[in-house]
Amino acid sequence: MTIASLTEIGDQDLLDLLNNSTFGTAGLAEGTGAHTVKTTIAVHYRIAGQSYAKAVTDNIAWPTALTTALANGTTAYYLITINAAGTLAFTFPPAARTGDPDTTGLLLGLQPAASAVLGIMKLVTTAAFTHGTTDLGGQGTFANINFYPANGDPTVFTYA
0 MTIASLTEIG DQDLLDLLNN STFGTAGLAE GTGAHTVKTT IAVHYRIAGQ
50 SYAKAVTDNI AWPTALTTAL ANGTTAYYLI TINAAGTLAF TFPPAARTGD
100 PDTTGLLLGL QPAASAVLGI MKLVTTAAFT HGTTDLGGQG TFANINFYPA
150 NGDPTVFTYA
């Protein structure tokens, strides 16, 4: 599914979002180990209409495939999804997309096929950040790290 703006959402896109969604929130947070995240609440979700569950899990590895380094003073949003096997994926928007996801459609169409949206991670850097190298808990690296759950609706997030 590739959607560049809200005006490009069609019936099939909406059906895909509903058939691939979560029931409730996964309670996303920074993991205990370096370069990890965790789920703090067991989550039920569906992929292609089939139901699955993911238990509370700590130390979910941050993907090293995301090689784009973030400069000091960068605000970055990552879409966090889960597949039928319970594997989390982190998707970073293309460089051409910038701004607040609520108003720009920044993350629309980035959901990998056969996955459900768990939430969004927002990083605001105070130093350079390299995926898989810089620890999410690194002192002096982030002004803040926030996790925003999908709350069962893959198109609606609550930002703080």
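Just so we're aligned, residue 0 is where the sequence shown starts under numbering that gives the first Met the number 0, counting upward by one. Positions of the beta carbon are idealized from the N, C-alpha and C atoms, including for glycine.
* Return the residue from the list I79, V116, G85 and A113 that minimises the CA-CA distance to E29. => Numbered from 1 along the sequence shown, position 30 holds the residue referred to as residue 29. That would be I79, whose Cα lies nearest to the Cα of E29.
* CA-CA distance, N18 and R45? -> The residue given as residue 18 occupies position 19 in the sequence shown. The residue given as residue 45 occupies position 46 in the sequence shown. Roughly 6 Å between the two C-alpha positions.
* Asked: What residue ranges within the region 22 to 86 form continuous beta strand (DSSP E) runs of no fewer than 3 residues, ordered along the chain?
  -> 27 to 29, 35 to 38, 42 to 46, 49 to 53, 56 to 60 and 74 to 82
* Asked: Taking the DSSP output, what are the residues bridged to P148?
  -> Taking the sequence shown and counting its residues from 1, the one referred to as residue 148 is at position 149. G118.
* Asked: DSSP on A3, reduced to helix/strand/coil?
  -> As a first step, residue 3 is located in the sequence shown; it is residue number 4 there, counting from the start. Reliability fails at A3, whose pLDDT of 47 lies under 50, so the model's placement of it is uncertain and the value that follows must be treated cautiously. Residue state, collapsed to three classes: coil.
* Secondary structure at N143, three-state DSSP: helix, strand or coil? -> Numbered from 1 along the sequence shown, position 144 holds the residue referred to as residue 143. Residue state, collapsed to three classes: strand.
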